[in-house]
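The numbering used here numbers the first residue of the sequence shown as 5 and each following residue consecutively. Reading through the structure tokens given below for one structure.
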Amino acid sequence: MRRIVRWHTVEGGGIEHLALDLSADGIVAEGVVIGPVSGALFGDEPFGCIYRLRCDPDWRVRELALRVGGGPSLALAADGEGRWTDGAGAPLPALDGCIDVDLACSPFTNTLPIRRLGDALRERQAIRVAFVDFPGLALKAWPQLYTRLDAGRYLFESPEHGFRAEIETDEDGLVLRYPGLFDRRGA
């Protein structure tokens, strides 16, 4: 199955175009992001990037490749059990325990824990994610919390930042509305 989805940032004119392919072998997401030119999300430094994210059939991240136009690039691999390596195969112990990745510029990466954890989200779930900041691609492990409020509605919390948002999704767990940050347009 293939899905094409687009999101716009609430501020600054950013947009993401995502091609999502789901098969028995796993999930491949390819995205193009034109970052907002201003706003609280990324400051005043405009950027654009492309990324390719591959997950196994259980929605565990296995590979991430991304490149910022005119800027840095990043390649990561994961074993699906919380161990990561960089593009050269060197271990990244700072990311131990992270199963998901969170690209600050993309609402798609909220889908990863939502789909991976499924019914477990009836109760609040604490996870650690490999967080990628933009546009510099700083990488760090961050704690996050997810709780399913009802069908298609999830509470996302970032305890380190005191941030909370009620995310609305479609039947596939793809974000429809992320208050203050992203809205889906079209498909």
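Quick reminder that beta carbons are idealized off the backbone N, C-alpha and C, glycines included. From a predicted model like this one, the values you see are computed outputs, not experimental measurements.
(message) Let me make sure I understand the geometry here. Which of G190, F160 and R132 has the alpha-carbon closest to that of W88?
(response) Here residue 88 is taken as the residue at index 84 of the sequence shown, counted from 1. For W88, the nearest C-alpha among the options comes from R132.
(request) Figure out for me which residue from L153, L24 and P50 has the closest Cα to the Cα of W63. (result) Against the sequence shown, residue 63 aligns to sequence position 59. For W63, the nearest C-alpha among the options comes from L24.
(message) Looking only at its chain, what residues have a beta carbon closer than 6 angstroms to the beta carbon of R189, apart from the 5 residues adjacent to it on each side?
(response) On the sequence shown, position 185 is the one that residue 189 refers to. Excluding sequence neighbours, R189 sits near R10 and H12.
(message) Between L57 and A33, how many whole angstroms is the CB-CB distance? I'm expecting something under 8 angstroms.
(response) Position 53 of the sequence shown, counted from the first residue, corresponds to residue 57. Position 29 of the sequence shown, counted from the first residue, corresponds to residue 33. That belief holds up - the Cβ atoms of L57 and A33 are roughly 4 angstroms apart, short of 8 angstroms.
(message) Let me confirm a value: I171 is counted as buried when at least 16 other C-beta atoms fall within 10 Å, else exposed. Which label applies?
(response) Within the sequence shown, residue 171 is the residue found at index 167, counting from 1. Classification of I171: buried, given that the 10 Å Cβ count is 16 or more.
(request) Tell me, please, which residues DSSP counts as bridged to G12. (result) Sequence index remark: in the sequence shown, residue 12 carries index 8 (1-based). The amino acid at residue 12 is misidentified as Gly; the sequence shows His. Note: H12 sits in a beta bridge opposite I19 and D187.
(message) Taking its Cβ as the centre, do 16 or more other Cβ atoms sit within 10 Å of S110, making it buried, or is it exposed?
(response) Working through the sequence shown from its first residue, we reach residue 110 at position 106. Answer is buried; the Cβ neighbour count reaches 16.
(request) Below 8 angstroms on the Cβ atoms is my guess for V37 versus C53; work out the distance and round it to an integer in Å. (result) Numbered from its first residue, the sequence shown carries residue 37 at position 33. Numbered from its first residue, the sequence shown carries residue 53 at position 49. The beta-carbon distance between V37 and C53, rounded to whole angstroms, is 5 angstroms. This is short enough to meet the 8 angstroms contact definition.
(request) Could you pull the start and end residues of the beta strand (DSSP E) that T113 belongs to? (result) Counted from its first residue, the sequence shown places residue 113 at position 109. Counting along the chain, T113 falls outside any beta strand (DSSP E), and DSSP gives it neither H nor E.
(request) List the residues that DSSP assigns as beta-bridge partners of F135. (result) The residue given as residue 135 occupies position 131 in the sequence shown. In the DSSP output, where bridge partners are listed per residue, F135 has D106 and K144.
(message) With a threshold of 7 angstroms on Cβ separation, who are the neighbours of D90 within its own chain once the five nearest residues in sequence on each side are excluded?
(response) Taking the first residue of the sequence shown as position 1, residue 90 is located at position 86. Hits under 7 angstroms: A79, L80 and L96.
(message) Less than 6 angstroms between C-beta atoms, sequence neighbours within five positions excluded: which residues of the same chain meet that for H21?
(response) Reading the sequence shown from its first residue, position 17 is the one you call residue 21. These residues qualify, in order along the chain: R10 and V36.
(request) Return the CA-CA distance between A169 and M5, expressed in angstroms with no decimal places. (result) On the sequence shown, residue 169 is found 165 positions in, with the first residue counted as 1. On the sequence shown, residue 5 is found 1 positions in, with the first residue counted as 1. Cα-Cα distance, rounded: 29 angstroms.
(message) Could you tell me the alpha carbon to alpha carbon distance between F160 and F167, rounded to whole angstroms?
(response) For the purposes of this step, residue 160 is identified with residue 156 of the sequence shown, where counting begins at 1. For the purposes of this step, residue 167 is identified with residue 163 of the sequence shown, where counting begins at 1. Rounded to the nearest angstrom, the two C-alpha atoms are 8 angstroms apart.
(message) Buried or exposed for L116, going by 16 or more other Cβ atoms inside 10 Å?
(response) Against the sequence shown, residue 116 aligns to sequence position 112. Around the beta carbon of L116, 16 or more other beta carbons sit within 10 angstroms, so the residue counts as buried.
(message) In the DSSP output, which residue or residues are listed as bridge partners for L153?
(response) To locate residue 153, count along the sequence shown from 1; it is residue 149. BP columns for L153 are empty, so no partner.
(request) Could you check what DSSP says for R128 in three-state terms: helix, strand or coil? (result) Walking along the sequence shown from the start, residue 128 turns up at place 124. Reduced to three states, the DSSP call for R128 is coil.
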